[in-house]
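Undergrad: Below you'll find the structure I mean.
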Amino acid sequence: MDSAESYSVGNSSKIEIECLLQSVKPSLIPGLPDDVALSCLARVPRKYHPVLNCVSKRWRELVVSEEWFSYRQIHHLEETWIYSLCRDRSEQLCIYALDPEQFRRGWKQIHALPGSFLRRKGVGFEVLGKKIYLFGGCGWIEDATDEAYSYDASMNTWTRVAPLSTARCFFAYESLDGEIYAIGGLGSKSSEQHSWDIYDSQTNSWRSHVDPNVISDIEDSVVMDGKIYIRARISAVPSQVNAVVYDPSTQTWQPAGAEMACWCGPAAVIDDILYVLDQNSGVRLMMWQKDTGAWMGLRRFSEQLVRPPCRLVAIGKKIFVVGKGLSTVMFDVESASCVDGVLVGSSVLKFNCDDGVISCKSMAI
38 MDSAESYSVG NSSKIEIECL LQSVKPSLIP GLPDDVALSC LARVPRKYHP
88 VLNCVSKRWR ELVVSEEWFS YRQIHHLEET WIYSLCRDRS EQLCIYALDP
138 EQFRRGWKQI HALPGSFLRR KGVGFEVLGK KIYLFGGCGW IEDATDEAYS
188 YDASMNTWTR VAPLSTARCF FAYESLDGEI YAIGGLGSKS SEQHSWDIYD
238 SQTNSWRSHV DPNVISDIED SVVMDGKIYI RARISAVPSQ VNAVVYDPST
288 QTWQPAGAEM ACWCGPAAVI DDILYVLDQN SGVRLMMWQK DTGAWMGLRR
338 FSEQLVRPPC RLVAIGKKIF VVGKGLSTVM FDVESASCVD GVLVGSSVLK
388 FNCDDGVISC KSMAI
């Protein structure tokens, strides 16, 4: 009896020890405290993060964690990449990524997009934190949808998230104050053109709002001065409001000033200065001067370098112009030079495809 009890106790202790060993995570780097190891690993350039994922389970868990993302943000170690939503020759959606630090190596395609989105039009494409969100849209025989997915850039995986409060397509979308806005567009009811949804990633939920000032037939949008501006397509009706602005402090939409009503073309904002690409006759960069209340033409781009229609995205003091076929020009607004009136960027990239660019966003990890 004593022998049986001794065996039982010994066996139980062995199991407890094994469970304890399994619960203790191995060190990130043997011989170093985890906080020191994190400080070292977080300084590894983003392009090598897939390699870190392959070293061990512990490293993989770290690289895809919020702790890693927050540490790099807090210590200003983040690196910003550009993501472009495109449509290829077969009319399917595709997404490409570009590391500005490896500009000459070109765009890399992100594979395995959600199958239901491949042929949709008028979809939302926005970045929040370390994730890309695809939402809404419609098809030739498909009504507007409320479906939404997120792509985790650190894990290279797609996940279905909460659906939009309102099914919509061909709408404006922006991120502001840590939330995603889906504004106006087309839905099953005419009243939905004046509604907007706000997505909270912390609760994975959307909340819906309605304001009669939200314009229909939206052409473009931009965030500036902590507000969202949306612009309608050019109208032949002089009295029609062409642009409205959303103030998050009052949660209301109001007609925008005359300067924004005249904004026409893809836009990017640097230091709360609005830059617009005028593509009506050639490709020309414009800048809004707040002090004089006038648009100033900077210079034009050679269409041999970038093919319209184009989209803009800003990173720091640099503006990237991404055109058809992912032809890309990058220049610094503080140091760009001109030759015979043509703006010359510090780098030029041509890509061997004919994809049309729908939207460009940046993500810092």
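Position 127, counted from 1, in the sequence shown is what this note's numbering calls 164; the numbers after and before it change by one each time, with no gaps. For each residue, glycine too, the CB sits at the ideal point set by N, CA and C.
(1) Roughly how many angstroms separate the alpha carbons of serine 156 and alanine 185, rounded to a whole number?
(2) To which residues of the same chain is proline 63 closer than 7 Å at the C-beta, ignoring the five residues directly before and after it?
(3) Looking at aspartate 315 and glycine 362, is the spacing between their C-beta atoms short of 8 Å?
(4) My understanding is that leucine 122 touches phenylalanine 162, with C-beta atoms under 8 Å, so please give their C-beta distance in whole angstroms.
(5) Exposed or buried, which one is glutamate 371 when buried takes at least 16 other CB atoms within 10 Å?
(6) Going by C-alpha to C-alpha distance, which of Gly294, Val358 and Pro345 sits closest to serine 331?
(7) Please specify which runs of the beta strand (DSSP E), each continuous and at least 3 residues long, are wholly inside the segment 277-343, giving them in chain order.
(8) Among Val350, Asp369, Gly319 and Tyr85, which residue has its Cα nearest to the Cα of serine 339?
(9) For the 8 Å Cβ check, are there 3 or more pairs between the segment 234-252 and the segment 211-218?
(10) Looking only at its own chain, which residues have a Cβ that is under 7 Å from the Cβ of glycine 174, when we skip the five neighbours before and after it?
(11) Using only alpha-carbon positions, find the residue among Gly360, Leu335, Ala199 and Lys168 that is nearest to glutamine 341.
(12) Can you pull the DSSP bridge partners for alanine 351?
(13) For the beta strand (DSSP E) that valine 366 lies in, which residues bound it at each end?
(14) Could you give the distance in angstroms between the alpha-carbon of glutamine 59 and the alpha-carbon of serine 93?
(15) With H, G and I counted as helix, E and B as strand and the rest as coil, what does DSSP make of phenylalanine 162?
(16) Starting from lysine 145 and walking both ways along the beta strand (DSSP E), at which residues does that stretch end?
(17) Thinking just about the alpha-carbon of each residue, which of Trp195, Trp177, Asp180 and Ala149 is nearest to the one in lysine 168?
(18) Tell me whether alanine 219 counts as near the ligand COA, meaning its Cβ is closer than 7 Å to at least one heavy atom of that ligand.
(19) Does the separation of the CB atoms of isoleucine 408 and lysine 354 fall below 8 Å?
(20) Can you give me the C-alpha to C-alpha distance between serine 76 and alanine 305, rounded to a whole angstrom?
(21) For valine 100, which residues from the same chain have a beta carbon less than 7 Å from its beta carbon, with the 5 sequence-adjacent residues on both sides left out?
(22) Can you list the beta strand (DSSP E) stretches of 3 or more residues lying completely in the segment 221-264, in chain order?
(23) Among Ile267, Leu135 and Val247, which has the Cα closest to the Cα of aspartate 254?
(24) Got a sec? Which residues, its chain only, sit under 7 Å from tryptophan 243 by beta carbon, not counting five neighbours each side?
(25) Have a look at serine 276 and threonine 117 and give me their C-alpha separation to the nearest angstrom.
(26) For cysteine 397, which residues of its own chain have a beta-carbon under 8 Å away from its beta-carbon, when the five flanking residues on both sides are left out?
(27) Pop quiz: glutamate 115 and isoleucine 352 are said to be a contact at Cβ under 8 Å. What is the actual Cβ separation, rounded to whole angstroms?
(28) Taking 8 Å as the threshold (C-beta atoms), are valine 247 and valine 281 in contact?
(29) Using only CA atoms, which one of Gly263, Cys301 and Gly302 lies nearest to aspartate 284?
(30) Take the Cβ of threonine 365 as the centre, count every other Cβ of all protein chains shown within 10 Å, and call the residue buried at 16 or more, exposed below.
(31) Ignoring anything shorter than 3 residues, give me the beta strand (DSSP E) runs that lie fully in the segment 95-142, in order along the chain.
(32) Using the beta-carbon count (16 or more within 10 Å), is arginine 142 buried or exposed?
(33) Between the alpha carbons of glycine 176 and aspartate 369, how many angstroms are there, rounded?
(34) The beta strand (DSSP E) with serine 396 in it runs from where to where?
(35) Let's test the definition: count the other Cβ atoms within 10 Å of the Cβ of isoleucine 265 and tell me whether it reaches 16, buried, or not, exposed.
(36) Taking just the CA atoms, how far does glutamine 230 sit from tyrosine 210?
TA: The short version:
(1) Here residue 156 corresponds to residue number 119 of the sequence shown, with the count starting at 1. Here residue 185 corresponds to residue number 148 of the sequence shown, with the count starting at 1. The amino acid at residue 156 is misidentified as serine; the sequence shows arginine. Whole-angstrom Cα-Cα distance: 15 Å.
(2) For the purposes of this step, residue 63 is taken as residue 26 along the sequence shown, with counting starting at 1. Only residues of its own chain outside the window of five on either side were considered, and among them Arg95 have a CB closer than 7 Å to the CB of proline 63, listed in chain order.
(3) The residue given as residue 362 occupies position 325 in the sequence shown. The residue given as residue 315 occupies position 278 in the sequence shown. The Cβ atoms of glycine 362 and aspartate 315 lie no closer than 8 Å to each other.
(4) For the purposes of this step, residue 122 is taken as the residue at position 85 of the sequence shown. For the purposes of this step, residue 162 is taken as the residue at position 125 of the sequence shown. About 4 Å; that satisfies the 8 Å criterion.
(5) Along the sequence shown, one-based indexing puts residue 371 at 334. By the 16-neighbour rule on beta-carbons within 10 angstroms, glutamate 371 is exposed.
(6) Counted from its first residue, the sequence shown places residue 331 at position 294. At residue 331 the sequence reads alanine, which differs from the serine that was named. The shortest C-alpha separation from alanine 331 is found at Gly294.
(7) At a cut-off of 3 residues, the continuous stretches assigned as beta strand (DSSP E) that sit fully inside the segment 277-343 are 280-284, 289-292, 304-307, 310-315, 320-326 and 331-338.
(8) Looking up residue 339 in the sequence shown gives position 302. Closest option to serine 339, Cα to Cα, is Gly319.
(9) Counting C-beta pairs closer than 8 Å gives three or more between the segment 234-252 and the segment 211-218, which meets the contact rule.
(10) Position 137 of the sequence shown, counting from 1, holds the residue named residue 174. Closer than 7 Å at the Cβ level, and outside the excluded window around glycine 174, lie Phe154, Arg157, Lys158, Gly159, Val160, Thr182 and Cys206.
(11) As a first step, residue 341 is located in the sequence shown; it is residue number 304 there, counting from the start. The option with the nearest alpha carbon to glutamine 341 is Gly360.
(12) Position 314 of the sequence shown, counted from the first residue, corresponds to residue 351. According to DSSP, which records beta bridges pairwise, alanine 351 is partnered with Ile356.
(13) Start at 1 with the first residue of the sequence shown, and residue 366 comes out as number 329. Annotation: the continuous beta strand (DSSP E) that includes valine 366 extends over 365-369.
(14) Walking along the sequence shown from the start, residue 59 turns up at place 22. Walking along the sequence shown from the start, residue 93 turns up at place 56. Any reading at glutamine 59 must be qualified, since the residue scores a pLDDT of 48, below 50, and its modelled position is unreliable; the value itself is stated next. So the alpha carbons of these two residues sit roughly 15 Å apart.
(15) Walking along the sequence shown from the start, residue 162 turns up at place 125. Strand, per DSSP.
(16) Against the sequence shown, residue 145 aligns to sequence position 108. Going by DSSP, lysine 145 is part of the beta strand (DSSP E) stretching over 145-147.
(17) Indexing the sequence shown from 1 puts residue 168 at position 131. Answer by Cα proximity: Trp195.
(18) Of ligands this structure carries none, so the ligand COA is not represented either.
(19) The structure shown does not extend to residue 408, since the chain is modelled only from 38 to 402, so the question has no answer here.
(20) Your numbering for residue 76 matches position 39 in the sequence shown. Your numbering for residue 305 matches position 268 in the sequence shown. Between the alpha carbons of serine 76 and alanine 305 lies a distance of about 34 Å.
(21) Translated into positions along the sequence shown, residue 100 becomes position 63. Excluding positions up to five away in sequence, the list reads His86, Leu89, Asn90 and Ser191.
(22) Whole beta strand (DSSP E) segments, 3+ residues: 232-237, 242-247 and 255-261.
(23) Residue mapping note: residue 254 aligns to position 217 of the sequence shown, counting from 1. Checked all of Ile267, Leu135 and Val247; the closest Cα to aspartate 254 is Ile267.
(24) As a first step, residue 243 must be located in the sequence shown, where it is residue number 206. Apart from sequence neighbours up to five positions away, the residues of its chain that approach tryptophan 243 with a beta-carbon distance below 7 Å are Ala199, Leu201, Ser202, Asp234, Ile235 and Tyr236, ordered along the chain.
(25) Sequence index remark: in the sequence shown, residue 276 carries index 239 (1-based). Sequence index remark: in the sequence shown, residue 117 carries index 80 (1-based). Low per-residue confidence applies at serine 276: pLDDT is 46, beneath 50, and the placement is therefore not dependable, though the value from the model is reported in the following sentence. Each residue's Cα considered, the two are about 42 Å apart.
(26) Within the sequence shown, residue 397 is the residue found at index 360, counting from 1. Here cysteine 397 has Ile119, Tyr120, Ser121, Leu122, Arg348, Leu349, Val350, Phe357 and Val359 as same chain residues with Cβ atoms under 8 Å from its own Cβ, once five neighbours each way along the sequence are excluded.
(27) For the purposes of this step, residue 115 is taken as residue 78 along the sequence shown, with counting starting at 1. For the purposes of this step, residue 352 is taken as residue 315 along the sequence shown, with counting starting at 1. In this structure, glutamate 115 and isoleucine 352 do not form a Cβ contact; the two beta carbons are roughly 11 Å apart against a cut-off of 8 Å.
(28) As a working mapping, residue 281 is identified with position 244 in the sequence shown. As a working mapping, residue 247 is identified with position 210 in the sequence shown. Between valine 281 and valine 247, the gap from beta carbon to beta carbon reaches 8 Å or more.
(29) Taking the first residue of the sequence shown as 1, we reach residue 284 at position 247. Of Gly263, Cys301 and Gly302, the residue nearest in Cα terms is Gly263.
(30) Counting from one through the sequence shown, the residue named residue 365 turns up at place 328. With 16 or more other Cβ atoms within 10 Å, it is buried.
(31) Complete beta strand (DSSP E) runs here, min 3: 117-124 and 130-135.
(32) Sequence index remark: in the sequence shown, residue 142 carries index 105 (1-based). Flag for arginine 142 reads exposed.
(33) Here residue 176 refers to the residue found at position 139 when the sequence shown is read from its first residue. Here residue 369 refers to the residue found at position 332 when the sequence shown is read from its first residue. About 39 Å.
(34) The sequence position of residue 396 within the sequence shown is 359, counting from 1. Unbroken beta strand (DSSP E) run through serine 396: 393-401.
(35) For this step, residue 265 is matched to residue 228 along the sequence shown. When all chains shown are included, isoleucine 265 counts as buried.
(36) Counting from one through the sequence shown, the residue named residue 210 turns up at place 173. Counting from one through the sequence shown, the residue named residue 230 turns up at place 193. Tyrosine 210 and glutamine 230: Cα-Cα distance of roughly 13 Å.
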